[in-house]
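Numbering (my numbering), first residue to last: 179 to 540. All C-beta atoms in this analysis are idealised placements derived from N, C-alpha and C, irrespective of residue type, glycine included. Please read the structure below before turning to the comments.
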Amino acid sequence: MLKFNPRKRAPIRTVRGGKEGGEVLAVKPEAPASSQPVRTLSSREDANPAVRLSGRGRDLTAVRAHRQVVITKRTHVPRRTAGPARTRARRFVRRPTADNRYVLKQSLGKGGGGTVYLAEDRLLNLRVAIKVLDPVIERHPATVAALMHEARITMGLTHNHIVRLHNLERVKGKYYLVMEYVPGHSLRKILRQYGPMSLDNVVTVVEVCADALSYAHGMGVIHRDLKPGNLLLSDGGVLKVIDFGIASLIDRSAEDGVILGTPCYMSPEQLRGDTVDVRTDVYALAQVVYELLVGRPRLPYEVSADEALAQARSPVTGLPDEMAAVIGKAEAWDPDDRWPTIGAFAEAFVRAADEYMARVRG
């Protein structure tokens with residue numbers, strides 16, 4: 179069984195700084211006995227450090243015990259070869275309007291109701307991300323109406339840790355979202371490359387996500403598809419939540435019996451197609467936190483909706499009691515038994531982490 183071990187990482191200290199008007203912390207690693215120059219880590223080196231995070235209140239980087247390493251997220255990602263799906267999307271995206279405004283560059287990934295591409299806005303000479311939505315929405319007028327409503331609200335979200343939605347566009351019955359492009363890597367990709375994160379880094383993720391999600395919830399927007407793949411760490415070390423504005427697609431998929439979300443992160447009521455509220459994001463964030471600490475999701479990533487429902491009541495294992503109790507409450511079967519808000523969950527988790535570290539050092 180994988181176990182959580184906060185002592186895998188060397189100690190660090192943080193120094194306050196500033197960047198782009200937001201609160202960002204510059205990282206200064208504790209110098210080992212034989213100091214070596216700070217250098218970047220390439221994707222080809224055999225190392226297992228954590229990730230630098232710039233967020234609300236913290237900016238942390240892990241340091242290997244025998245050398246200093248500052249991780250910059252500029253690792254090489256092999257370019258995908260063009261396939262049938264990409265070719266079809268290229269034809270569509272290259273001709274969205276009469277003036278050929280958006281030109282597709284490359285595929286960035288698939289999930290959450292569509293495929294995302296890096297594109298160029300030729301009118302503004304700006305790189306953007308375009309999500310071409312699954313054509314299933316064309317068959318559901320109610321879903322289209324809900325998508326437009328959510329897009330209007332989501333376009334009003336202005337938060338340092340939320341990727342901006344620029345527009346929802348339609349061409350010949352096909353819908354696509356035009357979003358801010360943020361160079362970086364998802365936490366899922368980072369987990370697969372480097373393994374579990376340090377407790378300090380996970381606390382930072384929780385605080386940043388709670389800040390962003392609490393803001394969105396206050397604006398009437400529920401994410402519904404929170405997972406490591408939708409948490410983006412920019413090349414500058416800033417964590418951002420992506421994929422707001424497609425809740426209607428996730429809801430419609432549950433009603434149709436074809437899940438577009440990822441079942442291992444979805445709450446029981448969401449898997450059943452029931453009405454959801456902010457507590458479904460609480461459930462999902464708890465699953466994300468567990469995975470960041472242990473290195474794998476609570477349930478297999480390929481688990482089906484039925485299997486996820488059958489195992490939803492399983493106890494939390496592999497974590498210290500303080501944190502296991504907080505996560506266990508967040509993923510309660512009945513939403514009324516969960517933390518009522520994302521902020522309440524975050525406060526409880528940070529308090530549990532502090533209590534655990536005090537006990538360990540104690």
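Judged by DSSP in its simplified three-state form, residue 332 adopts helix. Rounded to the nearest angstrom, the gap between the Cα atoms of residue 493 and residue 371 is 28 Å. Contact check for residue 356 against residue 346 passes: the beta carbons are separated by less than 9 Å. If you draw a 10 Å sphere on the C-beta of residue 488, you find fewer than 16 other C-beta atoms in it, and that means exposed.
By the beta-carbon neighbour count (other beta carbons within 10 angstroms, threshold 16), residue 350 is exposed. Unbroken beta strand (DSSP E) runs of no fewer than 3 residues, entirely contained in the stretch 372 to 432, are found at 409 to 412 and 417 to 419, following chain order.
Residues of the same chain with a CB within less than 6 Å of the CB of residue 516, apart from the 5 flanking positions on each side, are 457, 460, 508 and 510 in chain order. Per DSSP, residue 357 is one residue of the beta strand (DSSP E) stretching across 352 to 358. Residue pairing by DSSP places residue 294 opposite 287 and 309 in a beta bridge.
Rounded to the nearest whole angstrom, the C-alpha separation of residue 531 and residue 466 is 16 Å. With a cutoff of 9 Å on beta-carbon distance, residue 497 and residue 479 are scored as not near each other.
When the Cα atoms are used, residue 520 and residue 407 turn out to be separated by approximately 19 Å. The secondary-structure analysis by DSSP pairs residue 341 with nothing; it has no beta-bridge partner.
The beta carbons of residue 322 and residue 470 sit about 35 Å from each other, so the pair does not count as a contact at 8 Å. Residue 362: member of the beta strand (DSSP E) spanning 362 to 364, first to last residue. When DSSP states are grouped into helix, strand and coil, residue 479 belongs to the coil group. The closest CA to that of residue 409, considering only 440, 374, 365 and 445, is found on 365.
Per DSSP, the beta-bridge partners of residue 299 are 280 and 304. For the pair residue 534 and residue 377, the CB atoms are nearer than the 9 Å cut-off.
Here residue 295 really is in contact with residue 308; their C-beta atoms are around 5 Å apart, less than 8 Å. About 6 Å separates the CB atoms of residue 411 and residue 363; that is less than 8 Å, so the two are in contact. Per DSSP, reduced to three states, the secondary structure at residue 494 is coil, with no helix or strand assignment. Excluding residues up to 5 positions away in sequence, 346 lie with their Cβ nearer than 7 Å to the Cβ of residue 326 in the same chain.
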